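K.L.:
2 protein chains.
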Amino acid sequence: MKALHHPDRSDLQLTSVLYALSDPIRIRLVATLVKMGEGSCGCLDLPIVKSTLSHHMRTLRESGIIRTRIQGTLRLQSIREEDLEARFPGLLHTVLQAYENSTGEAAAYPLPQE
Amino acid sequence: MKALHHPDRSDLQLTSVLYALSDPIRIRLVATLVKMGEGSCGCLDLPIVKSTLSHHMRTLRESGIIRTRIQGTLRLQSIREEDLEARFPGLLHTVLQAYENSTGEAAAYPLPQE
DNA sequence: TCTAATGTTCGATGATAATCGAACATTAGA
DNA sequence: TCTAATGTTCGATTATCATCGAACATTAGA
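Chain order of the listed sequences is A and B. The first sequence lines up with residues 714 to 827 when you count with the numbering used here. The second sequence lines up with residues 714 to 827 when you count with the numbering used here.
#1: Over the uninterrupted alpha helix (DSSP H) stretch that includes R788/B, give me the two end residues.
#2: In angstroms with no decimal places, state the Cα-to-Cα distance between C756/B and G750/B.
#3: Going residue by residue through the region 737-800 of chain B, where are the continuous beta strand (DSSP E) segments of at least 3 residues, counting only ones entirely within it?
#4: When burial is assigned at 16 or more other CB atoms within 10 Å of the CB, is V762/B buried or exposed?
#5: Would you say V762/B reaches chain A, if we count a Cβ-Cβ gap shorter than 8 Å as a contact?
#6: Helix, strand or coil: how does DSSP classify A716/A here?
#7: Do we get a CB-CB distance below 8 Å when we pair G803/B with the residues of chain A?
#8: By the 9 Å beta-carbon criterion, what residues does the region 764-777 of chain B contribute toward chain A?
#9: Can you find a C-beta in chain A that's less than 8 Å from the C-beta of P720/B?
#10: Is Q810/B helix, strand or coil by DSSP?
#11: By the DSSP assignment, the alpha helix (DSSP H) with L725/B in it spans what residues?
#12: Closer than 7 Å, Cβ to any Cβ of chain A: which residues of the region 720-741 of chain B, in chain order?
#13: Can you give me, in chain order, the residues of the region 788-800 of chain B that have a beta carbon less than 7 Å from any beta carbon in chain A?
#14: So, is K807/B buried or exposed, given that buried needs 16 or more other C-beta atoms within 10 angstroms?
#15: Have a look at E775/B and Y812/B and give me their C-alpha separation to the nearest angstrom.
#16: By the 10 Å Cβ neighbour count, where 16 or more other Cβ atoms means buried, how is G683/B classified, buried or exposed?
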């Protein structure tokens with residue numbers, strides 16, 4: 714399969730990164746990959762078909778958030794933490810902390826009446 | 714003029730905030746307003762017509778990033794820093810720091826050959 | 001009461017993006 | 001060599017959004 718395009722560290726754009734993270738499915742993917750370290754599309758259980766997942770992975774890849782490594786029939790995705798940290802210090806982990814807080818709160822405090 | 718809608722602090726959504734900040738015009742507006750403290754649309758010189766600016770202000774307002782205070786014929790915009798900090802600690806300033814870095818770099822290191 | 005200033009809202013348009021199913025490409029393994 | 005597994009790419013559809021000009025609303029001030 715063809716090599717997939719990854720932007721250089723110096724080409725990362727803040728607005729593109731923020732946009733990529735502004736989708737609920739994509740930010741969830743990013744949070745999962747940070748925890749897993751590296752993972753294939755298949756090990757992320759999501760309620761979407763594979764072509765849609767591939768589309769989201771492409772958005773993340775082209776914004777510079779993830780890299781894709783090909784191994785056999787698998788594509789192993791990982792977060793470009795060093796590149797992101799170098800260009801946008803603290804951004805990734807601040808965003809993920811906020812993400813964990815919101816999902817955590819939602820799980821910890823269900824609505825009393827429903 | 715009608716009262717404009719502002720979401721409650723507890724209703725702020727991370728993905729909506731990231732989306733609002735992912736537009737070049739909007740993030741510039743936010744950076745400017747943080748520095749100014751408070752300002753009307755008119756004092757932000759932008760290459761867009763007023764209806765488009767109003768649209769962007771609405772996006773920022775409905776995501777919870779800015780509040781709009783009406784004073785005479787002016788609408789004074791300001792950043793909801795306390796609310797953002799409470800819900801997404803460190804997010805706003807991390808993003809703005811990254812924004813300042815990128816714009817600063819672009820200005821400081823023009824392409825040598827062009 | 002007029003008029004000017006400041007924004008908002010509306011309607012239209014063009015661009016971008018999310019989603020899906022189908023077809024295709026690559027690799028591992030039987 | 002066949003087949004299965006894993007994703008990517010393509011085409012179509014639908015939805016959302018950025019942009020503009022025009023019309024409207026509100027307020028201050030002449």
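C-beta: ideal position from N, C-alpha, C; glycine also. No experiment lies behind these values; they were computed from the predicted model shown.
P.N.:
Reading from the atomic positions:
#1: That residue, R788/B, is in no alpha helix (DSSP H); its beta strand (DSSP E) goes 787-792.
#2: 12 Å
#3: 779-784, 787-792
#4: exposed
#5: no
#6: coil
#7: yes
#8: none
#9: no
#10: helix
#11: It is not in any alpha helix (DSSP H) - L725/B carries neither H nor E in the DSSP assignment.
#12: L727, T728, L731, Y732, L734, S735, D736, P737, I740
#13: none
#14: Before going further, note that residue 807/B is Thr rather than Lys in the sequence given. When all chains shown are included, T807/B counts as buried.
#15: 22 Å
#16: In the structure displayed, chain B extends from 714 to 827; residue 683/B sits before or after that span and is not available.
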